[in-house]
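In what follows, a single structure is set out as structure tokens and then discussed.
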Amino acid sequence: MMQSCVTIALVPQIKSGPWIFWEDLEASMAQASKLGFDAIELFTADATSIDQGQLEELLSKYALKLAAVGSGAGKVIHGLTLTDPNPDIRAQAIQFIQSMMDFGAHFGAVTIIGSMQGNALPDRREESLAYLQEALEYLGNHAERIGVPLIYEPLNRYETNLFNTLDAAKVFLEGLSSQHIRLLADLFHMNIEEIDIAQSIRENGPWIGHVHLADSNRRPMGMGHTSMKEIADALKQVDYQGAISAEAFPWPNPLEAAKQTMLAYNQYFTI
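With this note's numbering applied, the sequence shown covers 2 to 272.
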């Protein structure tokens, strides 16, 4: 069964972005629980910025699951990517992601590689892809050890020149020896890059391990022009069983954005 999920950003250096709730972890979780969400996705500064025991208590108190953790602070705060030409920076990027994986795995939560994938260097694409392959092989093997898959997110062309569609990323992942990496289907990025979002989901269904819910303008679903019914039907057809996580701008404010997200979730996924 798919689970409703909402994002919470807890990185002091970031003041805007596509996350519904901000800054106050318990207040955000209380509101998420009150609105009926099943789970939360956390964007934190690092793996030590939240006390594990405290999070366990809060998850129990508000009857929520931790579905996913984002790794993007590694790039935003520290400038780390898996394709940096500097081997020391790549090593630090791998270590940062691995620490997030260990933190998330304690709760059965996947870790997402989005912006930390980086970009291919001009005229050195094969070299950059070799760096990415080396990193994902290592992290994929670690995912196998901890028993929770790693999630790779194809981003739109304005954020990366590596892989922009589910199919392109899938082809790359198929070439890895590790089979413990899955794809993130982010509807905002897919709205820019995919010819047909629903068809892409049907063709790549077995590879999808997480879904980001946002409308065409990255506001909460229902506030843009995305044809959500066809997408929801495709996710049901491929028997997707993960989280449907609202990674959208908190427009017009976090509470209203969360309410709109639950309206959309109930409209498309509980029927």
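C-beta: ideal position from N, C-alpha, C; glycine also.
Task: Nearest to alanine 249 (by Cα), restricted to the options Ser5, Trp20 and Ala10 - done: The shortest C-alpha separation from alanine 249 is found at Trp20.
Task: Alpha carbon of serine 61 to alpha carbon of proline 253, nearest angstrom - done: Taking the straight line joining both Cα atoms gives about 30 Å.
Open item on the list: Just to confirm the assignment: which complete beta strand (DSSP E) runs, minimum length 3, are found wholly within the segment 26-114?
Closed with: DSSP runs (the beta strand (DSSP E)) wholly in the segment 26-114: 40-45, 66-71 and 111-114.
- [ ] Leaving out five residues on either side along the sequence, give the residues of the same chain with a beta carbon under 6 Å from the beta carbon of glycine 105.
- [x] So the qualifying residues of the chain are Val70 and Thr112.
TODO: Could you have a look at serine 217 and say whether DSSP puts it in helix, strand or coil?
DONE: In the three-state DSSP reduction, serine 217 falls in the coil class, being neither helix nor strand.
Task: For serine 129, the three-state DSSP class (helix, strand or coil) - done: If DSSP states are grouped into helix, strand and coil, serine 129 belongs with the helices.
Open item on the list: Can you look up tyrosine 153 in the DSSP assignment and give me helix, strand or coil?
Closed with: Three-state result, tyrosine 153: strand.
Open item on the list: Within the continuous beta strand (DSSP E) that includes serine 5, where are the two ends?
Closed with: Where serine 5 is concerned, the enclosing beta strand (DSSP E) stretches over 4-11.
Open item on the list: If we define contact as Cβ-Cβ less than 8 Å, is glutamate 145 a contact residue for chain C?
Closed with: In the structure shown, chain C does not exist; there is a single protein chain.
Task: Burial state of alanine 94 (16 or more Cβ within 10 Å) - done: Burial call: buried.
TODO: Please determine, among Arg146, Thr45 and Glu195, the residue with the shortest C-alpha to C-alpha distance to alanine 170.
DONE: Residue Glu195 is the option with its Cα nearest to alanine 170.
- [ ] Give the C-beta separation of asparagine 157 and isoleucine 193 to the nearest angstrom, bearing in mind that I take them to be a contact with Cβ-Cβ under 8 Å.
- [x] For asparagine 157 against isoleucine 193, the beta-carbon gap comes to about 4 Å, under 8 Å, which counts as contact.
Open item on the list: Within 10 Å of its beta-carbon, does histidine 211 have 16 or more other beta-carbons around it, so buried, or fewer, so exposed?
Closed with: By the Cβ-count criterion, histidine 211 is buried, with 16 or more other Cβ atoms from all chains shown falling within 10 Å of its own Cβ.
- [ ] Say whether the segment 124-135 touches the segment 75-92, bearing in mind that this needs 3 or more beta-carbon pairs closer than 8 Å, one atom from each stretch.
- [x] Look at the beta carbons and you see the segment 124-135 touching the segment 75-92: at least three pairs across the two are nearer than 8 Å.
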